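Beneath this line is the structure, given in structure tokens, with notes to follow.
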Amino acid sequence: EMLEDRDNHKIELGTIYKKKGSLLYSMGETNKALEALQKSIEWKEAADECSYGLAGCYSQLSDLNIELHALSVAKDNLEQAIAALIAVRCDPEHVNYLLATGKSRFLRNDFSRCFESLEFA
Numbered sequence: 070e071m072l073e074d075r076d077n078h079k080i081e082l083g084t085i086y087k088k089k090g091s092l093l094y095s096m097g098e099t100n101k102a103l104e105a106l107q108k109s110i111e112w113k114e115a116a117d118e119c120s121y122g123l124a125g126c127y128s129q130l131s132d133l134n135i136e137l138h139a140l141s142v143a144k145d146n147l148e149q150a151i152a153a154l155i156a157v158r159c160d161p162e163h164v165n166y167l168l169a170t171g172k173s174r175f176l177r178n179d180f181s182r183c184f185e186s187l188e189f190a
């Protein structure tokens, strides 16, 4: 029903696809999870949503890309997650911010700052 009236349900569809992606990822369905998370991001961006949910999608997408050895894509995903967190004025000491920056620093071989972020998370 929501798909028939997509324009009025962008946020809901973005949330549904995020949950679907998380479930598929937990079941080991990496490629299907990747597709679902990408669809979630498309719906959230189509709705001009900037939220912790959008940041979470990008962060989870980075985890999948790390698993698939697409490290440069994973770095970009994390930068987008951090940008979304900054846009919603996330406290730099919030666990989501610390985890995203810690993973980003790790992928950029900035190990000392990486462990500093992850230690606080």
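The end of the sequence shown is residue 190 by my numbering, with every number in the run present. The beta carbon of each residue, even a glycine, is placed where N, CA and C say it ideally should be. Given the structure is predicted, the values throughout are model-derived calculations rather than measurements.
Would residue i pass as a contact of residue j if the rule is Cβ separation under 8 Å?
i	j	result
T99	L133	yes
S128	L103	no
I151	A143	no
Kindly indicate the opening and closing residues of the alpha helix (DSSP H) around residue i.
i	result
G122	121-136
C183	180-189
N77	It is not in any alpha helix (DSSP H) - N77 carries neither H nor E in the DSSP assignment.
A150	140-156
G171	164-176
A102	99-115
Quick check: what's the CA-CA separation for residue i versus residue j?
i	j	result
L82	E188	35 Å
W112	D179	33 Å
D145	S95	23 Å
K108	E185	33 Å
S141	C126	17 Å
D74	L130	27 Å
S181	P161	17 Å
Please report the Cβ distance between residue i and residue j, rounded to the nearest whole angstrom; I am assuming they are in contact, meaning their Cβ atoms lie under 8 Å.
i	j	result
A116	I155	Rounded, the Cβ-Cβ distance is 19 Å, inconsistent with contact.
G171	C159	Rounded, the Cβ-Cβ distance is 14 Å, inconsistent with contact.
A105	Y86	5 Å
I110	L93	About 15 Å separates the two Cβ atoms, so there is no contact after all.
V157	C119	6 Å
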